[in-house]
Amino acid sequence: MPIRLPGALKGRSALLIPAFLLLLRFGLILSPLSPWLRDDHQLASPLTSFTRLKEGVWLFQNGIDPYHGGVFRHSPLTLALFSTVIPPIPLVSAFVWTAADGISAWSLLEIWRARISPKTDPAGGLMLASLYLANPYNFAPTIALSTSSLDNSLLLLALRFTVLQRASPAVLLLALLSFSSLPSVLLLAPLVMIILSGSRSATTIPEIDLKKAVRVVAEFAVYMAAFVGASTFVAGSWGWVLQTWGATVMLPDLTPNPGLWWYFFTEMFDHYRPFFLLTFSLHPLIYVAPICLKFQHDPLFAFFLLQGIISTFKSYPTLSDAGLYVSLIGLFPELYPYFRHPLVTGLLHLHAAVLLPLFHYLWLDAGTGNANFFYASTLVFGLANGATIVDSLWAGLRSTIGEKEGWDVVQL
């Protein structure tokens, strides 16, 4: 389904759209709006908050262990980066976050070109990159300087190297991403499949080179081990493991967020907590094998589905997680005719986008609501993400089935 741009926006003039969106980001980060958004629970979690990052950097530079006290939960690699190379000051931060979104948009454009021939739809990739930059789910967290925007950049850059069959930088970036977002480890399986068989959908299941697959996984393990060693050296102890990766699994900080975990565990009796923590943590894992096996012919689509599942069920999500997943839908224009309920799914996202900030304000600012208000809006948001995954899954299955003229395909 080619995307047609108006005549005035074709050619080099089409680059003005992403350029304007990036300049707008840069300006808004330097405006008073950015500090006002930085502690918004929808845009920044305990694992991605810029305010907590600055506090951790200050503690580290003054000889105090930032991992004591349960406030700082960024990875030691992030701590080292912002303590030395990138000082967390307004102008530098504005440049870094704007550049990260620019890299994300460029990576998405490159992935589009690897997936779909530019001759078929020359404007589609640029339009997809522009939509990514204009997506409020991606735009607002960047203004709030949430490190989830940097995570999205790492993921898309890793995916770009993957579709270009450059295994080493791809697994290196995925290992780096896994330090700040542990559930991203689940993306290793489809990433290896893309490296082995390519990013385009095939009519038959490709043969897998097991030796090459083992080499790629082993290289990922080596990078992870190296990063663990470097992190322990920076932190001076193993305490960072419990405060970063452990927080993802144990949920010690019940700060509200758009996810499904926080309110559930707020209301839970302590003696049930270990069982449900284990259940919630392992839940996304059960989807990896079925999705990768079913979509062996199209591993990029398997990557897309697993990213959606991670975005929906991770313990500390932000709006940028859903923003990344929704943006990736544009890589699969062949699915559009097969969506069953696109209007319902779109309206669910629209309702969630309105209810989340509204009920957040009523509860925490106006004091006229309670936690149930905000949690109800997060359930709508979770339903919207789930509907997107289910509709995409159906469309992906349906698009692979040929249909003869005069015949209908039905599910029995």
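Position 297 of the sequence shown, counted from 1, bears residue number 291 in the numbering used here, the numbering being contiguous throughout.
We put the beta carbon where it would ideally sit given N, CA and C, even for glycine.
- Between glycine 119 and leucine 16, the CB-CB gap reaches or exceeds 7 Å.
- In terms of Cβ geometry, valine 65 and isoleucine 80 do not form a close pair [threshold 7 Å].
- Pairwise C-beta distances place the region 339 to 350 out of contact with the region 297 to 306, as fewer than three of them are shorter than 8 Å.
- Between the beta-carbon of aspartate 385 and that of phenylalanine 326 there is about 12 Å, and that puts the pair past the 8 Å contact cut.
- The region 134 to 152 and the region 252 to 268 do not touch, with fewer than 3 CB-CB distances between them shorter than 8 Å.
- Distance check between alanine 108 and each of Pro70, Leu344, Phe155, Thr306 places Phe155 closest, using alpha-carbon atoms only.
- Between asparagine 251 and serine 39, the gap from beta carbon to beta carbon is short of 7 Å.
- Contact between threonine 242 and serine 140 fails: their C-beta atoms lie close to 16 Å from each other, not under 8 Å.
- Isoleucine 137 is a Cβ neighbour of leucine 22, given a cutoff of 7 Å.
- Per DSSP, reduced to three states, the secondary structure at phenylalanine 54 is helical.
- Within the region 333 to 395, complete beta strand (DSSP E) segments of at least 3 residues are not found at all.
- The continuous stretches of alpha helix (DSSP H) do not include phenylalanine 263, and DSSP gives it neither H nor E.
- When secondary structure is reduced to three states using DSSP, arginine 154 falls in the helix class.
- Residue environment analysis places phenylalanine 269 among the exposed positions, since fewer than 16 neighbouring C-beta atoms fall within 10 angstroms of its C-beta.
- Counting of Cβ neighbours within 10 angstroms places tryptophan 106 among the buried residues, the total reaching 16 or more.
- Remark: C-beta atoms of leucine 37 and threonine 312 approach each other more closely than 7 Å.
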